[in-house]
Amino acid sequence: METDISDRRSHVTTMDTDSTDPQTLIQFLTILLEGIGAVNFHRKNKPWKNTLQEVYCYCQHLIIVTTFLLTHIINTSSRSFRYLPEFIQCLYEDVTGISIYLQIFLLRKKYKQLADLIGTMADSFSNADPVIVLKYERRMRTIFLTCFCGLSILLSVMVVEAFFPLPETELVIRRKVYRTNSDRKLPCNVKIPFVDETEYWTYRGLFALQAYTLFLYIFIAAVSFTSLPILTTNLVGQYTILCQYIDKLGAQHFDSQGREIFYTDLETNKYAYVYLRTIGETRPKVLYNRWVGHMQCQKAGDSKQDDMNLTKREEAIDVESLGHLKSRRALFSKLKSHRIGSSETSDRANTEEACDLESVGQSRAHRPFSKLNNQYQKDYLKQIIKFHQKLLIVQRKLSNFFEPIAFIQTSANFVAIALCSYQLLFSLQILSALRVSKFIFEILVHCGQCYYWCHCSDLLDDCNIAICRSIRNRYVDVLQITSQVNIVHTVTIIHLIYLQKI
């Protein structure tokens with residue numbers, strides 16, 4: 214008997230396929246905001262470093278407000294109104310500059326909420342499906358790089374344009390509007406009270422400050438324009454993973470090698486499986502399943518007596534019935550990888566034998582529910598609901614955080630599009646080719662940004678529709694699970710569907 218028992222080889226393994234790198238792009242947004250001095254997240258390991266970062270942020274905001282916003286507003290209200298196209302141009306620059314700065318200012322004031330939101334996404338979001346994660350990371354990277362390159366071209370043109378000599382028509386306009394040395398043009402027209410900004414050294418100093426400010430605005434605008442689309446795209450990827458898990462509800466689960474698995478944590482894609490070898494030639498085949506807090510045994514034979522002996526609780530397992538397996542009992546209490554067999558190859562060779570406990574002609578993906586499978590499906594359903602509740606909480610945080618920012622950005626986009634359209638419709642004949650090209654490019658940037666921000670809401674609605682569709686597809690299996698477990702799970706499923714409809 215000892216020889217037969219020693220011939221048995223069982224293998225219980227927990228797998229963690231979370232091998233995908235963390236989602237670093239959304240963390241890069243916080244690093245970028247700190248690097249340009251827009252936001253201080255107070256996460257330095259020493260207090261004096263946090264204080265130094267705060268001083269750095271204060272100086273950066275002071276430069277933006279004084280060298281660009283304040284002086285530009287003074288110029289718009291005191292000089293540019295002398296010529297309508299110039300006034301429209303300056304008013305457009307005021308609207309876009311102030312709206313972008315207000316968004317960054319709100320990010321600075323609400324830095325704790327932003328850090329919590331991005332930290333939740335970066336640290337606790339699922340990387341269970343590397344293909345989906347990589348797909349949406351590429352999409353997020355494309356959004357950021359497209360916006361960054363477009364803004365870089367647009368703001369760089371403003372700097373480069375100042376180096377080229379102005380045409381005679383532009384010189385006449387500048388003499389009429391600014392009444393100073395019209396040959397010296399700054400990237401953005403400003404006015405400092407009691408100072409002639411076209412004097413040699415004043416002009417050089419202001420030019421350097423404006424070039425630096427526009428350099429900051431490239432990164433500030435890129436973050437403010439893409440923060441909501443990037444975070445929304447990341448959330449859509451999580452909903453896609455959740456829909457895949459819902460589609461598996463009520464079916465038996467297998468890994469890429471065909472081994473039957475039992476999920477223990479959906480969000481990290483952890484699961485357990487059991488290998489099997491028979492105990493001698495006359496003993497029935499037994500499958501030991503370990504998951505969450507239970508050790509249960511399922512027999513593929515017909516003997517009721519053997520069933521009774523093999524379905525005892527872990528504390529009552531006898532050495533004579535399970536042989537050497539009792540000495541390994543402590544290993545089954547932890548969801549880590551343990552190999553009890555003497556050969557990994559021999560263990561894998563018996564995978565199909567462990568999985569195929571029913572007739573060969575029956576579909577492995579849709580087998581009838583046993584008591585053991587009901588218990589596993591119950592835990593699987595709990596994990597789905599937990600995963601979904603976490604996504605709903607993150608979505609609510611995302612909506613609440615970006616609500617004032619979205620209002621500012623959308624309003625500014627509409628005003629900017631209206632001003633640029635007015636210039637192109639009524640002042641096209643007197644504008645230079647460079648200005649016309651710049652206005653067209655600005656309209657395209659604002660229209661694209663406005664469209665995609667509105668499209669983010671549609672993306673989340675599509676996710677809710679996809680989840681409802683997945684639930685309806687598995688509705689029969691869900692009812693079969695819930696009817697055999699208890700009424701509580703029926704209520705949770707109804708609650709899950711209800712949350713998607715509100």
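The sequence shown maps to residues 214 to 715 in this note's numbering. Where a beta carbon is used, it is the ideal one built from N, C-alpha and C, also for glycine.
Where the alpha helix (DSSP H) through I653 begins and ends
A646 to N686
If we call anything under 8 Å between Cβ atoms a contact, is A485 one with T477?
yes
Contacting residues, own chain, Cβ-Cβ under 7 Å from C633 (five flanking each side not counted):
Y305, F652, E655 and I656
N253 and C270: beta carbons closer than 8 Å?
yes
D307 burial status per 10 Å Cβ neighbour count (16 or more: buried):
buried
Compare the C-alpha of V385 against each of Y430, N587 and R295 and name the closest.
R295
Starting from H466, follow its DSSP beta bridges and name the residues at the other end.
I474
What first and last residue would you give for the alpha helix (DSSP H) that runs through G250?
It is not in any alpha helix (DSSP H) - G250 carries neither H nor E in the DSSP assignment.
Ignore the nearest five residues each way along the sequence and tell me which others in E247's own chain have a CB closer than 8 Å to its CB.
N253, F254 and Q266
According to the Cβ coordinates, are L245 and I331 closer than 8 Å?
no
If you run the structure through DSSP and keep just helix, strand and coil, what is K483?
strand
Taking the continuous alpha helix (DSSP H) assigned at F361, which residues delimit it?
P343 to E374
Span separating the alpha-carbon of L283 from that of D675
43 Å
Whether P400 touches L427 by CB criterion (8 Å):
yes
Inter-residue Cα distance where the pair is N563 and G471
Confidence at N563 is low in this model, with a pLDDT of 39, below 50, so its placement is unreliable and the value that follows should be read with caution. Near 11 Å, if we compare the C-alpha coordinates of G471 and N563.
Helix, strand or coil, according to DSSP, for P177 in the structure here?
A query on residue 177 cannot be resolved here, the shown segment of the chain reaching from 214 to 715 and no further.
Answer with buried or exposed for G310, where buried requires no fewer than 16 other C-beta atoms within 10 angstroms of its C-beta.
buried
Following the continuous alpha helix (DSSP H) through R387, name the residue where it begins and the one where it ends.
E381 to V390
Just mark S312 as buried or exposed, buried being the case when its beta carbon has 16 or more other beta carbons within 10 Å.
buried
Tell me where the alpha helix (DSSP H) around V278 begins and ends.
From DSSP, V278 is part of no alpha helix (DSSP H); its letter is neither H nor E.
Name the residue from Q596, H659, C667 and L604 whose alpha carbon lies nearest to the alpha carbon of A619.
C667
Option in V370, N258, L462 and Q602 with minimal Cα separation from Y589
L462
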